[in-house]
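Student: Letter by letter, the sequence shown follows residues 14 to 291 in this note's numbering. Dropping a structure here in structure tokens format, bear with me for questions.
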Amino acid sequence: MTKPGPLSLNTATVKEQWSLQQCIEGCARHGITGISPWRDKLAEYTTAKAAKHIREVGLTVTGLCRGGMFPAADAAGRQAAIEDNKRAIDDAAALNAQCLVLVVGGMPSGSRDLAGARSQVQDGIAAVLEHARAANVPLAIEPLHPMYAADRACVNTVAQALDICDALGSGPNDRHLGVAVDVYHVWWDPTLAAQIRRANKRVLAFHVCDWLVPTTDLLLDRGMMGDGVIDIPSIRAMVEGVGYDGFCEVEIMSTGNWWKKDADAVLKTCIERHATVV
């Protein structure tokens, strides 16, 4: 097995301990060469300051989290989401981000129309795609585990994400509309290998963490790589098999464990596990 690609820190991993400024400084201090900010932390620091700081320390922005959240109960809500995504695209362009990650959104409050929500997602992405192409910002649809279908993401498999890409004219070599493969969300899928082959060059991001047994909170109890049941190297081999040669982005949300630890210690553990179990 080849060595994994370089490590990137998704700032969610230490969101309770550090600001974005501290995350940038921490990556530089520990020799981590990639970073993926969340937009709330970016807004606190400002895009201009963050972009300047990131350039100064030589980090690669592997993604901006997150766009999406397209479905809404009315036309005004759907249009507001489109405008917010255009702003996210502009921020991603200012950061020279390798992609904008789309967590697409679930069903509007009170709705039971899952198919309708998925249709709204496709329409929303279609409405911002040309803006993204003009800004040279790839859009990475991140399928989330089906447990999030109602409230966070009604796109739950790589196959569903690629169906949207295909419907919007994204071929297998298109680098402007594709998927973010997060092992936490897709490790269970028996069609994963076939769908990653179908994705081809449209794998735009690769996120790592682990699935704990037991998991005490389905959102905020992600595990450090190697502490759970996911065969991370096999999924890495799948994405590398279609030509993905980018960063391994660690994204851990952990109220009961990693968010309580010293952030420098968390980064040291990320580096060690990236080298040994990813």
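For each residue, glycine too, the CB sits at the ideal point set by N, CA and C.
For LYS28, does the count of other Cβ atoms within 10 angstroms reach 16, so buried, or fall short, so exposed?
Tutor: Residue numbering aside, residue 28 sits at position 15 when the sequence shown is read from its first letter. The residue is buried, with at least 16 neighbouring Cβ atoms inside 10 Å.
Student: Looking at the unbroken beta strand (DSSP E) that takes in LEU115, where does it start and where does it end?
Tutor: Taking the first residue of the sequence shown as position 1, residue 115 is located at position 102. In the DSSP assignment, LEU115 falls within the unbroken beta strand (DSSP E) covering 113–116.
Student: In whole angstroms, what is the alpha-carbon distance linking ALA302 and ARG125?
Tutor: Given a span of 14 to 291 for the chain in the structure shown, any question on residue 302 remains unanswerable.
Student: Nearest to CYS167 by alpha carbon, out of GLY191, SER132, ALA193?
Tutor: In the sequence shown, the residue the question calls residue 167 occupies position 154. Selected option, being the one with the closest Cα: SER132.
Student: Rank LYS281, PRO159, ALA101 by C-alpha distance to the C-alpha of HIS43 and give the top, closest one.
Tutor: Within the sequence shown, residue 43 is the residue found at index 30, counting from 1. Per the Cα distances, LYS281.
Student: Just checking, does the region 244–253 make contact with the region 43–57 on the three C-beta pairs under 8 Å criterion?
Tutor: no
Student: What are the uninterrupted segments assigned as beta strand (DSSP E) that are 3 or more residues long and contained completely in the region 89–147, given in chain order?
Tutor: 113–116
Student: Taking DSSP's pairing of strands, which residues face HIS158 in a bridge?
Tutor: Indexing the sequence shown from 1 puts residue 158 at position 145. DSSP output for HIS158 lists no bridge partner at all.
Student: Identify every residue that forms a DSSP beta bridge with ASN23.
Tutor: For this step, residue 23 is matched to residue 10 along the sequence shown. DSSP output for ASN23 lists SER49 as bridge partner(s).
Student: By Cβ distance, which residues of its chain are closer than 8 Å to VAL116, with the 5 residues on each side in sequence left out?
Tutor: If you number the sequence shown from 1, residue 116 lands on position 103. Contacts found: CYS78, ARG79, GLY80, GLY81, MET82, GLU155, LEU157, ARG165, ALA166.
Student: CA-CA distance, ASP275 and THR60?
Tutor: In the sequence shown, the residue the question calls residue 275 occupies position 262. In the sequence shown, the residue the question calls residue 60 occupies position 47. The straight-line gap from Cα to Cα measures roughly 26 Å.
Student: Does DSSP classify SER267 as helix, strand or coil?
Tutor: Walking along the sequence shown from the start, residue 267 turns up at place 254. It is a strand residue.
Student: I need the straight-line Cα distance from ASP277 to LEU22, nearest angstrom please.
Tutor: Counting from one through the sequence shown, the residue named residue 277 turns up at place 264. Counting from one through the sequence shown, the residue named residue 22 turns up at place 9. If I take the Cα positions, the gap works out to 12 Å.
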